[in-house]
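Enquirer: I am attaching a structure below and will ask some questions about it afterwards.
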Amino acid sequence: MKKLLFITYSLGKSGGVQTVLTNLMNELCTKFDITVLCLDGNEEFLYDLNPKIKSVVLNSFGNTKSFKAMVLINKYFSWLPKKQNIKNYIYQYGVYCLLKKWLKKNHQNYDTIISCRYTLSSMLSTMKGINKKTWAWEHINYKMGGFFWYTLMRPYYKNLKGIIYINKESEEHYKKINPNSYLIYNLIGDPFENMPFIRCEEKENTILFVGRLHPEKNIRELVEIYSNLKEKEGWNFKIIGEGPEKSYLENYVKDHPNSHIEILGNKTKEEVCNYMKKSKILVLASESEAFGLVLVESMFCSNILISYDCEFGPASIVNNKNGFLIKHHNKEDFTNKLQLLITDEELLKKLNKSSYEESKKWKKDSIISTWKILLDKN
């Protein structure tokens, strides 16, 4: 049985990468011998792994040299304008040292390595004897990483066995770096994939957002759009997630007690699924996405989609059968389409049904098959 090693930072925190990685490993472990290496020192995993999957946890925060360097920066260089960026690079150097040491001793035990973060893939691409058995599994839009990771390090992907990317927009970029590059969409998995169709009449008049409450998700713009709706009596807007924008949202709700906006915080994927089952419309206004996992998840739950046409993701998912794709930052059109949905019951019912039908294109069977073929051949 072929032995695979997946490398990531954490399975102890919630997130799209953690969800997709867990789903994939649970599906592949019947055919492959799988180990997952986590680097955050957290031995309590948030998601349930199949007992067949072995795990190794290293504490990348415990690297003595990088830790001492970060302490010195805090103590003597607190005035530096980009102190946090410098600390991040020092931390990543500590990760590199820890990872290189462990792999030098253990990589011979694995036939194939799959790196789940671009920083880790960049590190592995420089390690001779290891890079030729490593796949970079890219969960980001390829422009991320800044000067160091994008400009300096990404070209070293040419040394890797290959690249797996998750959206069509990335194809040309990655194939130029490494011709052995393949598009494989993200796996959705349970509990979403096995959902039956849910009619509008069985749902609540809820508009839903699920994601990190970070400025790049444009949650303030969504609040503005919802607030500008002229006819929304009987409707509410529920927001699931955590992040730096949460305090703004809480203050907004406090200042607008009749806004019908509810801040729900983080939820498990089962809880998210239950909220999606009850909602009718899912909204997304990101500056960019790597894929847009939440869009597909909500289709499985018979939701209608409204999303900005940001880079990387939504354009591959959203169409006139499952909702509306809006030109980026066209708040007026976004507002008008949302207003149309909540006032036109027949359109709502039509898209409710066709959105669920569209979700069938994203069933896991073909995705799992592609992974198995790729890992068998390489």
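All residue numbers for the sequence shown refer to my numbering, where the first residue is 4 and numbers rise by one. Even for Gly, the Cβ is constructed at its ideal location relative to N, Cα and C. Remember, predicted model here, so these are calculated numbers, not experimental data.
Check whether the region 248-265 and the region 287-296 are in contact - that is, three or more C-beta pairs closer than 8 Å.
Expert: Taking 8 Å as the limit for Cβ pairs, the verdict is that the region 287-296 does not touch the region 248-265.
Enquirer: Just how far apart, CA to CA, sit residue 52 and residue 212?
Expert: Their Cα atoms are separated by approximately 27 Å.
Enquirer: Identify which residue in 42, 49, 61 and 334 has its Cα closest to the Cα of residue 270.
Expert: If we check each option's Cα against that of residue 270, 49 comes out closest.
Enquirer: Classify residue 23 as buried or exposed, calling it buried when 16 or more other Cβ atoms lie within 10 Å of its own Cβ.
Expert: With 16 or more other Cβ atoms within 10 Å, it is buried.
Enquirer: Any idea what DSSP makes of residue 140, helix, strand or coil?
Expert: Note: residue 140 maps to strand in three-state DSSP.
Enquirer: Expressed to the nearest angstrom, what Euclidean distance is found between the alpha-carbon atoms of residue 176 and residue 168?
Expert: The alpha-carbon atoms of residue 176 and residue 168 are separated by roughly 10 Å.
Enquirer: In chain order, what residues of the same chain have a beta carbon less than 6 Å from the beta carbon of residue 161, not counting five sequence neighbours either side?
Expert: The residues are 180 and 181.
Enquirer: Determine, using beta-carbon pairs with one atom in the region 244-252 and one in the region 272-282, whether at least three such pairs fall under 8 Å.
Expert: Short answer: they don't touch.
Enquirer: Sorted by chain position, which residues of the same chain lie with C-beta nearer than 8 Å to residue 339's C-beta, five sequence neighbours on each side aside?
Expert: Correct list: empty, nothing qualifies.
Enquirer: On a CA-only basis, which of 173, 198 and 199 is nearest residue 188? Give me that one, please.
Expert: Looking at the Cα atoms, 173 is the closest of the given residues.
Enquirer: Quick check for students: name the residue ranges of the beta strand (DSSP E) that lie wholly in the region 290-339, counting only runs of 3 or more.
Expert: List check, beta strand (DSSP E) in window: 307-311 and 326-329.
Enquirer: Looking at the secondary structure, which residues open and close the alpha helix (DSSP H) in which residue 168 lies?
Expert: Run containing residue 168: none in the alpha helix (DSSP H); it sits in the beta strand (DSSP E), 165-168.
Enquirer: Run the CB neighbour count on residue 369, radius 10 Å, all protein chains shown included, and call it buried at 16 or more, exposed below.
Expert: When all chains shown are included, residue 369 counts as exposed.
Enquirer: Would you mind working out which of 237, 89 and 230 sits nearest residue 256, comparing C-alpha positions?
Expert: When only C-alpha atoms are compared, the closest one is 230.
Enquirer: In angstroms, rounded to a whole number, what distance separates the CA positions of residue 136 and residue 89?
Expert: Straight-line Cα distance between these residues: approximately 31 Å.
Enquirer: Using a Cβ-Cβ cut-off of 6 Å (strictly less than) and excluding sequence neighbours within five positions of residue 207, which residues of its own chain qualify?
Expert: Taken in chain order, the residues that qualify are 281.
Enquirer: Beta carbon of residue 118, beta carbon of residue 140: below 9 Å?
Expert: Yes.
Enquirer: Is residue 207 helix, strand or coil by DSSP?
Expert: In the structure shown, residue 207 sits in coil (DSSP, three-state: anything other than H, G, I, E or B).
Enquirer: Which residues bound the beta strand (DSSP E) around residue 118?
Expert: Here the beta strand (DSSP E) through residue 118 covers 115-118.
Enquirer: Whose CA, out of 328, 323, 307 and 304, lies closest to the CA of residue 314?
Expert: The shortest C-alpha separation from residue 314 is found at 328.
Enquirer: Excluding the five sequence neighbours on either side, which residues of its own chain have a C-beta within less than 6 Å of the C-beta of residue 123, listed in chain order?
Expert: Result list for residue 123: 10, in chain order.
Enquirer: Under 8 Å Cβ to Cβ from residue 56, same chain only, skipping five residues before and after it: list those, please.
Expert: Answer for residue 56: 28, 29, 32, 37, 38 and 39, listed in chain order.
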